[in-house]
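In this text, residue positions in the sequence shown follow the numbering used here: the first is 61, and each later residue adds one.
For every residue, glycine included, the Cβ atom is placed at its ideal position computed from N, Cα and C.
Encoded as structure tokens, the structure appears first; notes follow it.
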Amino acid sequence: MRALVYHGPGVKAWQEVPKPELIDDTDAIVRVDTTTICGSDLHILEGDLPEVTDGRILGHEAVGTVEEVGTSVKNMRPGDRVLVSCITACGRCRYCRESRYGQCVGGGGWILGHLIDGTQAEYVRVPFADNSTYAVPAGVSDDDVLMLADIVPTGFEVGVLNGHVQPGDVVAVVGAGPVGLSAIMGARLFTPRLVIAIDLADSRLDAAKRFGADVVVNNSRQDPLEVVRGLSAGLGADVAIEAVGTPDTFELATTLIRPCGHLANIGVHGKPVTLHLESLWSADVTITTGLVDTSSIPTLLSLLSGHQLDVSGFATHHFEMNDVVGAYDTFANAGDTGALKIILAAHSDPSPQE
Ligand SMILES: NC(=O)c1ccc[n+]([C@@H]2O[C@H](COP(=O)([O-])OP(=O)(O)OC[C@H]3O[C@@H](n4cnc5c(N)ncnc54)[C@H](O)[C@@H]3O)[C@@H](O)[C@H]2O)c1
Ligand SMILES: [Zn+2]
Ligand SMILES: [Zn+2]
């Protein structure tokens, strides 16, 4: 089969590799019908995640068709269509028993396209398949379901739920990439008074308006603190969601929240950040961090089926999987291309078994 293989910082190739086989009786082999590229894949290619080694197949999001299952797999049969979550769950460890799959210590967590081979391939081996996949409901498109593998649960769980968004809140979202947009969309489910999106790129701010932001601020031209305070009787935001992952944006988010407010950090940080306790110590704020669990996928699938969640705006580009290298270029140049999520569809006739 063919797959996108990482060969160290800056180097990747769409190449022939052995087709995955069942290893454990809880595994499934899934034929990948659609997959996509995540900002985290770019972090890997930049060398920010040294645990990802030469030879690793990238990708941690997929919608596919079950090809083969281990003897202990009960929830699916060959031919079933499934969403493969970016997070694998052993289902048995302490964290999985509390639905905190991102922290799984039984062999799961974020492993696909990270610690084991991933989904940017014609086939993928999914460990703990019963707990790590979800049946694709009838009447929803693959492109839409694919958005629930990572970005939509991330914005919802790590941003909106951790940030404790309440009806009537003023919510400031720093960073309007796919994850920030997911947080904006997720916040809307709670009837906030105002959602304010902050980004340096006008194309992303245009997207933020489409995804439900009431006010957008380009912080290269406007002071976001002034705007947020001006719209909240001088208090600040009830909730700030950080969806970039830099020291500057985290520090900005700490200034945007009002006393007793919540700051939910989503961004993956590669550098230390200063926490200004000299001003925050008395402000009664709550700061949360998190790796997505994807425990909200059943809820989000049900909202999608019920037409209460419209994720159709994410898929800006479609490529054939064979053209994944071109797709990475388009994704990496999102400022120029306007890319949010790129759908990579399998060639209709995958290469024969070998
Ligand atoms: N915690 C988790 O479980 C989890 C899961 C997935 C992704 N992430 C992380 O979430 C973050 C966002 O992901 P994404 O895919 O949306 O990334 P992205 O790179 O597509 O979007 C980031 C946005 O931030 C904007 N930005 C950059 N610097 C800024 C600044 N100084 N001020 C305002 N805006 C600025 C960019 O213009 C861009 O629109 C990344 O750090 C990603 O690794 C975390
Ligand atoms: Zn991801
Ligand atoms: Zn576990």
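Inset, instruction - Determine, using beta carbons only, whether Thr348 and Asn325 come nearer to each other than 8 Å. - result: Counted from its first residue, the sequence shown places residue 348 at position 288. Counted from its first residue, the sequence shown places residue 325 at position 265. Yes, these two residues count as a Cβ contact at 8 Å.
Inset, instruction - Ignore the nearest five residues each way along the sequence and tell me which others in Gly350's own chain have a CB closer than 6 Å to its CB. - result: Numbered from 1 along the sequence shown, position 290 holds the residue referred to as residue 350. Excluding positions up to five away in sequence, the list reads Val218, Asn222.
Legend entry - Rounded straight-line distance, which links the Cα of Gly294 to that of Leu285: In the sequence shown, counting from the first residue as 1, residue 285 sits at position 225. In the sequence shown, counting from the first residue as 1, residue 294 sits at position 234. When rounded, the distance between both Cα atoms is 10 Å.
Inset, instruction - Throw me the rounded Cβ distance for the Ala88 and Val186 pair, which I believe falls under 8 Å. - result: The sequence position of residue 88 within the sequence shown is 28, counting from 1. The sequence position of residue 186 within the sequence shown is 126, counting from 1. Indeed they touch by this definition, with Cβ atoms about 5 Å apart.
Legend entry - Which of helix, strand or coil DSSP assigns to Ala122: For the purposes of this step, residue 122 is taken as residue 62 along the sequence shown, with counting starting at 1. The DSSP-derived three-state label of Ala122 is strand.
Inset, instruction - Please name the residue, chosen from Asp389, Arg253, Asp283, Thr309, that lies closest to Gly272 on a Cα-to-Cα basis. - result: Here the question's residue 272 lines up with position 212 in the sequence shown. Nearest option by C-alpha distance: Arg253.
Inset, instruction - Note down, one range per segment and in chain order, each alpha helix (DSSP H) of at least 4 residues found wholly within the segment 159 to 195. - result: 189 to 192
Legend entry - 8 Å contact criterion, which Ile258 and Ala232 should meet: CB distance rounded: What you label residue 258 is simply residue 198 of the sequence shown in a count that begins at 1. What you label residue 232 is simply residue 172 of the sequence shown in a count that begins at 1. Approximately 6 Å separates the beta-carbon atoms of Ile258 and Ala232; this is inside 8 Å, confirming the contact.
Inset, instruction - Mark Glu338 as exposed unless 16 or more other C-beta atoms lie within 10 angstroms of its C-beta, in which case mark it buried. - result: As a working mapping, residue 338 is identified with position 278 in the sequence shown. Exposed, because fewer than 16 other Cβ atoms sit within 10 Å of the Cβ of Glu338.
Inset, instruction - Decide if Ser355 is buried, meaning its Cβ has at least 16 other Cβ atoms within 10 Å, or exposed. - result: The residue given as residue 355 occupies position 295 in the sequence shown. Buried, since its Cβ has 16 or more Cβ neighbours within 10 Å.
Legend entry - Range covered by the alpha helix (DSSP H) that runs through Phe391: Your numbering for residue 391 matches position 331 in the sequence shown. Segment 384 to 392, the alpha helix (DSSP H) holding Phe391.
Legend entry - Beta-carbon gap between Ile357 and Phe379 smaller than 8 Å: Numbered from its first residue, the sequence shown carries residue 357 at position 297. Numbered from its first residue, the sequence shown carries residue 379 at position 319. The answer is no: Cβ separation not under 8 Å.
Legend entry - Cβ-based burial, Gly395 [other Cβ within 10 Å; buried from 16]: On the sequence shown, residue 395 is found 335 positions in, with the first residue counted as 1. That one is exposed.
Legend entry - For His103: DSSP bridge partner residues: Taking the first residue of the sequence shown as position 1, residue 103 is located at position 43. Beta-bridge pairing links His103 to no other residue.
Legend entry - Spatially closest choice to Arg160 from Val352, Phe188, Val112, Lys134, by CA coordinates: Here the question's residue 160 lines up with position 100 in the sequence shown. Closest in alpha carbon position to Arg160, among Val352, Phe188, Val112, Lys134, is Val352.
Legend entry - Cα-Cα separation between Ser362 and Gln368, rounded to whole angstroms: Counting from one through the sequence shown, the residue named residue 362 turns up at place 302. Counting from one through the sequence shown, the residue named residue 368 turns up at place 308. Going from the Cα of Ser362 to the Cα of Gln368 covers about 9 Å.
Inset, instruction - Return yes when the C-beta of Ser100 is under 7 Å from any heavy atom of ligand 1, and no when it is not. - result: Reading the sequence shown from its first residue, position 40 is the one you call residue 100. The answer is yes for Ser100.
Inset, instruction - With DSSP as the reference, label Asp210 as helix, strand or coil. - result: Translated into the one-based positions of the sequence shown, residue 210 becomes position 150. Coil.
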